[in-house]
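Those letters in the sequence shown? Residues 202 to 370, by the working numbering.
Heads up, the beta-carbon is just placed ideally off N, CA and C, and yes, glycines get one too.
Please read all numbers here as calculations on a predicted model, not as lab measurements.
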Amino acid sequence: MVELTIRQIERSDLDKMDYTFKSEFGRTHANDLHDQSLSDISFFVAWLNGNPVGHALVRWVGPRAETVRKDYPDCPEIYRLKVLKEYREQGIATAIIKKCEQEALKRECVLIGLGTDPTISSKDNLYKQSGYGSSTVNRYIDTYKTRSDSGTVVTIRKDAQFLIKRIAS
């Protein structure tokens, strides 16, 4: 049986990560590694058979959205959680979330949060199933840029809700 390993990204991982996953628009995985070296983020990667199959970042300097950061300035945010399609439904995303929570506990955080689609039902929402609940930010606009298949830069704006989980007393 192959064991799933989840650890922070290292410089030696960059080629495999760049080949397997698209980075956030206007950034590279090397940028994320640099931010991790500054302790602004942690970039966790899930590995099977020496290959990356999923990842998530934790932003330690408060949530990315100003609207959310006003209410939760010290709450780390999990974002860019992704698992390759062929590895979904195997508990990998849940394991990555748990790794993020464990790191937050080590850093003596009381809460951890994340943004999600507000229209997903509780039974289909992995985060709610993992103990995340409503915050004071029920709705905000999550805005980001991406590149379409044709190469055009597109700005995406979508409704989001910020969910939080108390991980310490």
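It is roughly 36 Å from the alpha-carbon of ASP343 to the alpha-carbon of VAL203.
Pairing ALA369 with VAL311 gives a Cβ-Cβ distance under 8 Å. DSSP places ASN232 inside the alpha helix (DSSP H), whose first and last residues are 230–238. Counting along the chain, the unbroken alpha helix (DSSP H) around GLU304 starts and ends at 293–307. Looking at the DSSP output, ASP350 bridges to nothing. Approximately 13 Å separates the beta-carbon atoms of VAL259 and ARG208; this is outside 8 Å, ruling out the contact. THR295 and SER331 have their C-alpha atoms spaced approximately 8 Å apart. Linking ASN250 to THR206 through their CA atoms gives a straight-line distance of about 9 Å. Spatial neighbours of ARG340 in its own chain (CB-CB distance under 7 Å, excluding positions within 5 residues in sequence) are listed in chain order as PRO319, ASP360, GLN362.
Across the set PRO277, ALA266, ASN326, the C-alpha of PRO277 shows the shortest separation from the C-alpha of ALA257.
CA-to-CA, the gap between ARG228 and SER322 works out to about 32 Å. Collapsing the DSSP output to three states places LEU327 in a helix. In summary, PRO264 is buried, with 16 or more beta-carbon neighbours lying within 10 Å of its beta-carbon over all protein chains present. Taking every protein chain shown into account, the CB of SER351 has fewer than 16 other CB atoms within 10 angstroms, so this residue is exposed. When LYS300, VAL254, TYR273 are compared, the shortest CA-CA separation from LEU285 is found for VAL254.
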